[in-house]
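Student:
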Amino acid sequence: MLLFNTSDSLSFFSQTKTCPYCHHDDYRLQNQSRFLRFSIVPMLPLAWHYQYQCSHCQHNVQLSIMQLPWLEKLSLIKYFIGSILLIWLSIYFYTQHLDELKAKQAILSQPQAFDTYLVHADKFSNEPLRPENLKVAQVLEFDDQNITFQISNYRYKRDSGITMAMRTSLLIQKDYFSSKTITLPRSEVQRLYEDGAIYDVLRPYAYSLYGGFVMFPPRPKPLYEGLKLNKNNQQGIIYYKDGLFPEAFESFLLASKEGSQWGQLNTAQMYRDGEGVEKDISQAIYWYQQAAGQNNHKAKVQLKELCLKHAC
Ligand SMILES: [Zn+2]
Numbered sequence: 008m009l010l011f012n013t014s015d016s017l018s019f020f021s022q023t024k025t026c027p028y029c030h031h032d033d034y035r036l037q038n039q040s041r042f043l044r045f046s047i048v049p050m051l052p053l054a055w056h057y058q059y060q061c062s063h064c065q066h067n068v069q070l071s072i073m074q075l076p077w078l079e080k081l082s083l084i085k086y087f088i089g090s091i092l093l094i095w096l097s098i099y100f101y102t103q104h105l106d107e108l109k110a111k112q113a114i115l116s117q118p119q120a121f122d123t124y125l126v127h128a129d130k131f132s133n134e135p136l137r138p139e140n141l142k143v144a145q146v147l148e149f150d151d152q153n154i155t156f157q158i159s160n161y162r163y164k165r166d167s168g169i170t171m172a173m174r175t176s177l178l179i180q181k182d183y184f185s186s187k188t189i190t191l192p193r194s195e196v197q198r199l200y201e202d203g204a205i206y207d208v209l210r211p212y213a214y215s216l217y218g219g220f221v222m223f224p225p226r227p228k229p230l231y232e233g234l235k236l237n238k239n240n241q242q243g244i245i246y247y248k249d250g251l252f253p254e255a256f257e258s259f260l261l262a263s264k265e266g267s268q269w270g271q272l273n274t275a276q277m278y279r280d281g282e283g284v285e286k287d288i289s290q291a292i293y294w295y296q297q298a299a300g301q302n303n304h305k306a307k308v309q310l311k312e313l314c315l316k317h318a319c
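Numbering-wise (the working numbering), the sequence shown opens with residue 8 and increments by one.
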């Protein structure tokens with residue numbers, strides 16, 4: 008919506024003077040300049056038109072820009088506000104664009120697993136050209152020379168289809184990617200990017216892109232490997248809490264012989280402390296070693312402590 012408009016001088020700058028002809032105090036600076044505006048924002052001046060006019064005798068004198076009062080001269084910048092804004096915005100978006108290109112180049116030259124490339128399937132993976140020519144390629148692994156991708160089984164006509172697939176976490180579905188992989192030299196990947204065969208490069212942030220999951224979050228690791236609840240050990244814990252130490256010891260010993268590292272740890276502790284059984288350090292050490300042999304961290308720590316006081 009570009010509009011031409013004329014403007015009246017701001018009242019602040021139009022001081023009233025005495026008319027040199029009729030001597031009435033109705034002599035004012037008027038501004039009837041025309042300017043180009045975008046909506047209400049002035050873009051460019053089209054024609055300056057300043058004059059002194061007496062509203063009493065109608066006498067008027069035109070003024071050139073140079074003859075304007077200095078405050079009025081200073082205010083001429085208002086006609087360029089829109090253009091200044093436009094230039095500033097252009098520079099802003101251009102630098103944004105440059106930063107984005109830089110970021111993409113950085114992703115290309117320092118790949119990470121699950122980097123997501125949007126590609127033209129005909130050029131990237133030599134597939135027959137179809138209207139649905141867009142595909143997703145994800146970095147599986149890489150070394151100094153090559154990058155290995157998995158390629159989506161799905162094809163898209165438009166970029167929006169891919170964005171939608173990401174938003175709906177489709178990329179983490181089992182059959183989304185083909186099991187066949189493509190390994191390309193890094194220089195070839197760079198060339199494909201420059202040729203536009205790779206038309207976008209994205210790096211998932213916290214497993215997701217566009218709000219959807221595009222990589223598998225790692226599974227939480229069990230606290231101790233091979234941790235299995237052993238019935239006898241659980242029963243022993245109940246006895247122990249009830250203060251039934253001999254019964255607890257029997258249960259822990261059963262669990263230990265079944266190979267439960269937690270049962271072995273508990274048995275060792277009871278031998279060490281003489282709870283529910285006669286104190287027997289060598290037995291304690293034996294069961295600690297069994298549990299530690301199964302990589303039980305607690306057993307390792309307690310065994311180490313015990314071994315400071317006793318020969319192991
Ligand atoms: Zn006058």
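Heads up, the beta-carbon is just placed ideally off N, CA and C, and yes, glycines get one too.
Hey, which residues come within less than 6 Å of ligand 1, measuring from Cβ to any heavy atom, in chain order?
Tutor: So the residues near ligand 1 by this Cβ test are C26, Y28, C29, H31, C61, H63, C64 and H66.
Student: Tell me, please, which residues DSSP counts as bridged to H127.
Tutor: Indexing the sequence shown from 1 puts residue 127 at position 120. According to DSSP, which records beta bridges pairwise, H127 is partnered with L141.
Student: Under 7 Å: does the beta carbon of Q65 sit that close to some heavy atom of ligand 3?
Tutor: Looking for ligand 3 in the displayed structure turns up nothing; the ligands present are ligand 1.
Student: I'd like to know if the region 31-50 and the region 86-95 are in contact, where contact means that at least 3 CB-CB pairs between them fall below 8 Å.
Tutor: They touch, by the three-pair rule.
Student: Between P225, P224 and L260, which has its C-alpha nearest N240's C-alpha?
Tutor: Taking the first residue of the sequence shown as 1, we reach residue 240 at position 233. For N240, the nearest C-alpha among the options comes from L260.
Student: Excluding sequence positions up to five away, which residues of its chain have a Cβ less than 6 Å from the Cβ of F149?
Tutor: To locate residue 149, count along the sequence shown from 1; it is residue 142. Result list for F149: P118, in chain order.
Student: How is Y34 classed by DSSP in three states: helix, strand or coil?
Tutor: Stepping through the sequence shown from its first residue, residue 34 is reached at position 27. Y34 falls in the strand class under three-state DSSP.
Student: With three or more C-beta pairs closer than 8 Å as the rule, is the region 154-173 touching the region 91-101?
Tutor: No, they do not touch.
Student: Keeping to the same chain, check which residues put their C-beta closer than 8 Å to that of Y165; ignore five residues upstream and five downstream.
Tutor: Taking the first residue of the sequence shown as position 1, residue 165 is located at position 158. Looking at the sequence itself, residue 165 is Arg, so the reference to Tyr does not match. So the list reads L141, once near-sequence residues are dropped.
Student: Given that a residue counts as buried once 16 or more other Cβ atoms are within 10 Å of its Cβ, and exposed if not, what is R279?
Tutor: Locating residue 279 in the sequence shown gives position 272, where the first residue counts as 1. That one is buried.
Student: Measuring alpha carbon to alpha carbon, tell me which of I158, A110 and S71 ends up nearest F131.
Tutor: On the sequence shown, residue 131 is found 124 positions in, with the first residue counted as 1. Answer by Cα proximity: I158.
Student: Based on the DSSP secondary-structure assignment, which residues constitute the bridge partners of A110?
Tutor: To locate residue 110, count along the sequence shown from 1; it is residue 103. A110 is not bridged to any residue.
Student: Rounded to a whole number of angstroms, what is the C-alpha to C-alpha distance between R174 and S194?
Tutor: Translated into positions along the sequence shown, residue 174 becomes position 167. Translated into positions along the sequence shown, residue 194 becomes position 187. Each residue's alpha carbon lies about 31 Å from the other.
Student: Only counting the same chain, and skipping five residues up and downstream in sequence, which positions put a Cβ closer than 6 Å to that of A306?
Tutor: As a first step, residue 306 is located in the sequence shown; it is residue number 299 there, counting from the start. Taken in chain order, the residues that qualify are L272, Y295, A298 and A299.
Student: Quick one, which of H127, A120 and Q180 has its alpha-carbon nearest F156's?
Tutor: Counting from one through the sequence shown, the residue named residue 156 turns up at place 149. For F156, the nearest C-alpha among the options comes from A120.
Student: Could you spell out where the alpha helix (DSSP H) holding Q276 opens and where it closes?
Tutor: Here residue 276 refers to the residue found at position 269 of the sequence shown. Q268 to D280 is the span of the alpha helix (DSSP H), which, as asked, contains Q276.
Student: In whole angstroms, what separates the C-alpha of I114 from that of N303?
Tutor: Counting from one through the sequence shown, the residue named residue 114 turns up at place 107. Counting from one through the sequence shown, the residue named residue 303 turns up at place 296. Straight-line Cα distance between these residues: approximately 41 Å.
Student: In terms of residue numbering, what span does the beta strand (DSSP E) encompassing I205 cover?
Tutor: As a first step, residue 205 is located in the sequence shown; it is residue number 198 there, counting from the start. Where I205 is concerned, the enclosing beta strand (DSSP E) stretches over I205 to L209.
Student: Using alpha carbons as the reference points, say which of C29, D32 and K80 lies closest to N38.
Tutor: Counting from one through the sequence shown, the residue named residue 38 turns up at place 31. When each option's Cα is compared against that of N38, the closest is K80.
Student: Hey, I154 and M222: beta-carbon distance below 8 Å or not?
Tutor: Translated into the one-based positions of the sequence shown, residue 154 becomes position 147. Translated into the one-based positions of the sequence shown, residue 222 becomes position 215. No, they are not a contact pair.
Student: For G283 and F256, which I take to be in contact (beta-carbon distance under 8 Å), what is that distance rounded to the nearest angstrom?
Tutor: Numbered from 1 along the sequence shown, position 276 holds the residue referred to as residue 283. Numbered from 1 along the sequence shown, position 249 holds the residue referred to as residue 256. About 3 Å separates the two Cβ atoms, so the contact holds.
Student: What does a CB cutoff of less than 6 Å around S62 pick up in its chain, not counting 5 residues either side in sequence?
Tutor: Your numbering for residue 62 matches position 55 in the sequence shown. Taken in chain order, the residues that qualify are D33.
Student: What is the C-beta distance between Y57 and L78, in whole angstroms, given that I count them as a contact (C-beta under 8 Å)?
Tutor: Along the sequence shown, one-based indexing puts residue 57 at 50. Along the sequence shown, one-based indexing puts residue 78 at 71. 13 Å between Cβ atoms; not a contact.
Student: Could you give the residue range of the alpha helix (DSSP H) that holds T170?
Tutor: Counted from its first residue, the sequence shown places residue 170 at position 163. From DSSP, the alpha helix (DSSP H) with T170 extends over D166 to R174.
Student: For S263, name the three-state secondary structure that DSSP assigns.
Tutor: Counted from its first residue, the sequence shown places residue 263 at position 256. Helix at S263.
Student: Excluding the 5 residues preceding and the 5 following D207 in the sequence, name in chain order all residues of the same chain whose CB lies nearer than 6 Å to its CB.
Tutor: The count along the sequence shown starts at 1 and reaches residue 207 at position 200. Around D207: L125.
Student: Measuring only the C-alpha atoms, how far is I98 from I189?
Tutor: Here residue 98 refers to the residue found at position 91 when the sequence shown is read from its first residue. Here residue 189 refers to the residue found at position 182 when the sequence shown is read from its first residue. Distance between the alpha carbons of I98 and I189: 40 Å.
Student: So, at 8 Å on beta carbons, what are the nonlocal neighbours of Y147 in its own chain, with the 5 sequence-adjacent residues on each side left out?
Tutor: As a first step, residue 147 is located in the sequence shown; it is residue number 140 there, counting from the start. Residue identity check: residue 147 is Leu in the sequence provided, not Tyr. The answer, listed in chain order, is A120, T155, F156, Q157 and T188.
Student: Taking only the alpha-carbon atoms, compute the straight-line gap between H30 and N67 and give it to the nearest angstrom.
Tutor: What you label residue 30 is simply residue 23 of the sequence shown in a count that begins at 1. What you label residue 67 is simply residue 60 of the sequence shown in a count that begins at 1. Each residue's Cα considered, the two are about 13 Å apart.
Student: Distance, Cα to Cα, P49 vs S71?
Tutor: The residue you call residue 49 lines up with position 42 of the sequence shown. The residue you call residue 71 lines up with position 64 of the sequence shown. Roughly 21 Å between the two C-alpha positions.
Student: Could you check the C-alpha separation between Q197 and K109 for me, to the nearest Å?
Tutor: As a working note, residue 197 is residue 190 in the sequence shown. As a working note, residue 109 is residue 102 in the sequence shown. Rounded to whole angstroms, Q197 to K109 spans 13 Å at the Cα level.
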